[in-house]
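Colleague:
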Amino acid sequence: MINFENTEIAFAYRFNGELSKAKFLFNTVASPLVVRLGSGLLKLAAFLHIPISWAVKPTIFKHFVGGESLKECQPVVATLARYNVRSILDYSVEGKSSPKEMERAFNEILSSVAFAASNPNVVFSVFKPTGLIDVNVLTLVSEGKLLSELQQEQYNLFLSRVDTLCSAAAESGKPILIDAEDSWYQKALDEVIESMMAKYNTQRAVVFNTLQMYRTDRFSYLKAAHKRAQEKGYILGMKYVRGAYMEKERVRAVQMGYISPICETKAATDKNFNEAIKYSVSNIDTITTFCGTHNQDSVNYLVCLMDSNGIAPSDSRIYFSQLYGMSDNLSFNLAAAGYNVAKYVPYGPVKHVMPYLIRRAEENTSVKGQTGRELALIKTEIRRRRTAR
Ligand SMILES: Cc1cc2nc3c(=O)[nH]c(=O)nc-3n(C[C@H](O)[C@H](O)[C@H](O)COP(=O)(O)OP(=O)(O)OC[C@H]3O[C@@H](n4cnc5c(N)ncnc54)[C@H](O)[C@@H]3O)c2cc1C
1286 MINFENTEIA
1296 FAYRFNGELS
1306 KAKFLFNTVA
1316 SPLVVRLGSG
1326 LLKLAAFLHI
1336 PISWAVKPTI
1346 FKHFVGGESL
1356 KECQPVVATL
1366 ARYNVRSILD
1376 YSVEGKSSPK
1386 EMERAFNEIL
1396 SSVAFAASNP
1406 NVVFSVFKPT
1416 GLIDVNVLTL
1426 VSEGKLLSEL
1436 QQEQYNLFLS
1446 RVDTLCSAAA
1456 ESGKPILIDA
1466 EDSWYQKALD
1476 EVIESMMAKY
1486 NTQRAVVFNT
1496 LQMYRTDRFS
1506 YLKAAHKRAQ
1516 EKGYILGMKY
1526 VRGAYMEKER
1536 VRAVQMGYIS
1546 PICETKAATD
1556 KNFNEAIKYS
1566 VSNIDTITTF
1576 CGTHNQDSVN
1586 YLVCLMDSNG
1596 IAPSDSRIYF
1606 SQLYGMSDNL
1616 SFNLAAAGYN
1626 VAKYVPYGPV
1636 KHVMPYLIRR
1646 AEENTSVKGQ
1656 TGRELALIKT
1666 EIRRRRTAR
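The sequence shown begins at 1286 in the working numbering and counts up one residue at a time.
1. Express the C-alpha separation of Cys1589 and Asn1288 in angstroms, rounding to a whole number.
2. Under 6 Å from any heavy atom of ligand 1, does the C-beta of Arg1713 make it?
3. Among Arg1389, Gly1610, Gly1623, Pro1460, which has the Cα closest to the Cα of Pro1405?
4. First and last residue of the beta strand (DSSP E) that includes Leu1462?
5. Can you give me the C-alpha to C-alpha distance between Asp1613 and Ala1622, rounded to a whole angstrom?
6. For His1334, does the count of other Cβ atoms within 10 angstroms reach 16, so buried, or fall short, so exposed?
7. Report back the beta-carbon spacing between Glu1353 and Tyr1632 to the nearest angstrom; my notes put them in contact at under 8 Å.
8. Let's see if you can read the secondary structure: which residues bound the alpha helix (DSSP H) around Pro1317?
9. Can the beta-carbon of Ile1373 be found closer than 7 Å to that of Phe1617?
10. So the beta strand (DSSP E) Met1523 belongs to, where does it begin and stop?
11. Hey, Met1498 and Arg1527: beta-carbon distance below 7 Å or not?
12. Do you know offhand how far Tyr1235's Cα is from Val1320's?
13. Taking 8 Å as the limit between beta carbons, can you name the residues of its chain near Val1361, skipping five residues before and five after?
14. Nearest by alpha-carbon distance to Ser1457: which of Gln1581, Phe1409, Asn1441, Ile1418 is it?
15. When you compare the region 1469 to 1487 with the region 1409 to 1423, are there three or more beta-carbon pairs, one atom per stretch, that lie closer than 8 Å?
16. Which parts of the region 1485 to 1555 are runs of the alpha helix (DSSP H), unbroken and 4 residues or longer, counting only runs that do not cross its ends?
17. Does at least one heavy atom of ligand 1 sit under 6 Å from the Cβ of Asp1467?
18. In terms of residue numbering, what span does the beta strand (DSSP E) encompassing Ser1261 cover?
19. What is the residue span of the alpha helix (DSSP H) that Phe1311 lies within?
20. CA-CA distance, Ala1399 and Ala1453?
21. Quick check on Glu1290: buried or exposed, where buried means 16 or more other Cβ atoms within 10 Å of its Cβ?
22. So who's on the other strand from Gln1607, going by DSSP bridges?
23. Check this for me: beta carbons of Phe1558 and Lys1524, under 7 Å apart or not?
24. Identify every run of the beta strand (DSSP E) within the region 1574 to 1618, keeping only runs that are complete inside it and at least 3 residues long; order them along the chain.
25. Between Gly1351 and ligand 1, is the CB less than 6 Å from at least one heavy atom?
26. Shorter than 6 Å, the distance from the beta carbon of Asn1392 to the closest heavy atom of ligand 1, or not?
Below, the structure is given as structure tokens:
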């Protein structure tokens, strides 16, 4: 059993000053009122073009983000690697939808694939498909509706860009993860991603889809996708998460009068998550598993499954992942025990990663999140260092 309470290992990469700052940060975001107020002020500042970088960059940005550019992330990548924790550099600019902005996003993601190729400690690339195409087009395709000429052109451009990214990943030897967002346009993405897997995953998993296990249909989708992969002779690459958009999904289902695609309870999501992980591990020769979670029980569950199936911790077909700045007790203790671990390290200009930072703050309030746990671990480590002096 791995001791996830070992804070000495968990925070060895953080200096005393950084830990104190992290304590202050998590104490601050523990208050829902402060987070609501802070988020409002940040949104207002962005709207009014008031520069906020001076306040954000040394604080919340530094804790949760690798840097403003790939180059700026280099020291973070090197520091994590000293503890055998690898990185995944995630261009976290959201909500950009003009053709120019999409082209910029595409070029940046392509640069991140090249960066991964050149750096042994960056072990995957990643992208959000919605940074590359209008979600309305994806929704129409998912619903089997006809596209206008312009929409068809946009969709064709999207398909060719996804292919370019997957092909670059295949050539670089580093796999690429494709994030999942809203359920109502995932069908189109599933089809595109499966076609990419058929093309690039013939020898090993290069292209990974994301399964949000809070969706009631995802376990049956996994089995069906696995069957198709076996029939066509390619390896399935699957990233498993619980899913980040539960409230939005439920509201839309009510507003539009369809049955919510989300599990009714947290326990049902947990069961679904475990079943998918178990299925994946039992089929390790044909499914490569990427487990993205901050849930200690899920991590323990996968560790036990690997053990009972005689799978070595370092087996390259299983990866654990947490977000940079969160759940270091899982990442660093897993890595110290020899498991494959990679942190999702977001990057991008301060003003453009604000939506990501606001989400992290909201997710970490005492009501919604795991602040209590993060804070307790940080305090334990600060105390331990004081007494060890
Ligand atoms: C490396 C990494 C990559 C990620 N990539 C993506 C991605 O591509 N797409 C994406 O959507 N998310 C992504 N996430 C976020 C992820 O989906 C979760 O929101 C987040 O990790 C919290 O889930 P958990 O397993 O860590 O922890 P837990 O705290 O155990 O689970 C919280 C999750 O459980 C589910 N849940 C909570 N309450 C209920 C309820 N009442 N009924 C049903 N379900 C409930 C929700 O999904 C909630 O987010 C990623 C997370 C990580 C660590």
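Each residue gets a CB set at the ideal place from its N, CA and C atoms; glycine is no exception.
Modeller: Taking the coordinates as given:
1. Approximately 14 Å, taken between the alpha carbons.
2. A question about residue 1713 goes unanswered here, because the residues of the chain that appear run from 1286 up to 1674.
3. The option with the nearest alpha carbon to Pro1405 is Pro1460.
4. 1461 to 1463 is the extent of the beta strand (DSSP E) around Leu1462.
5. Distance from the CA of Asp1613 to the CA of Ala1622, rounded to the nearest whole angstrom, comes to 14 Å.
6. Flag for His1334 reads exposed.
7. Yes, Glu1353 and Tyr1632 are in contact; Cβ-Cβ is about 7 Å, under 8 Å.
8. For Pro1317, the enclosing alpha helix (DSSP H) covers residues 1317 to 1332.
9. In this structure, Ile1373 lies away from Phe1617, with their beta-carbon atoms at least 7 Å apart.
10. Where Met1523 is concerned, the enclosing beta strand (DSSP E) starts and stops at 1521 to 1526.
11. The Cβ atoms of Met1498 and Arg1527 sit closer than 7 Å to each other.
12. Absent from the structure is residue 1235, since the part of the chain shown begins at 1286 and ends at 1674.
13. For Val1361, where only same-chain residues beyond five positions count, the Cβ hits under 8 Å are Gly1351, Gly1352, Ser1372, Tyr1609, Val1630.
14. Considering only alpha carbons, the answer is Phe1409.
15. Enough Cβ pairs lie closer than 8 Å, so yes.
16. Correct list: 1503 to 1517, 1531 to 1541.
17. Relative to ligand 1, even the nearest heavy atom lies 6 Å or more away from the CB of Asp1467.
18. Residue 1261 lies beyond the stretch modelled for the chain, which goes from 1286 to 1674, so this question has no answer here.
19. For Phe1311, the enclosing alpha helix (DSSP H) has its first and last residue at 1301 to 1314.
20. Using only the alpha carbons, I get a separation of about 8 Å.
21. Answer is exposed; the Cβ neighbour count stays below 16.
22. Per DSSP, Lys1628.
23. No.
24. Complete beta strand (DSSP E) runs here, min 3: 1603 to 1608.
25. It does not: the Cβ of Gly1351 is nowhere closer than 6 Å to a heavy atom of ligand 1.
26. The answer is no for Asn1392.
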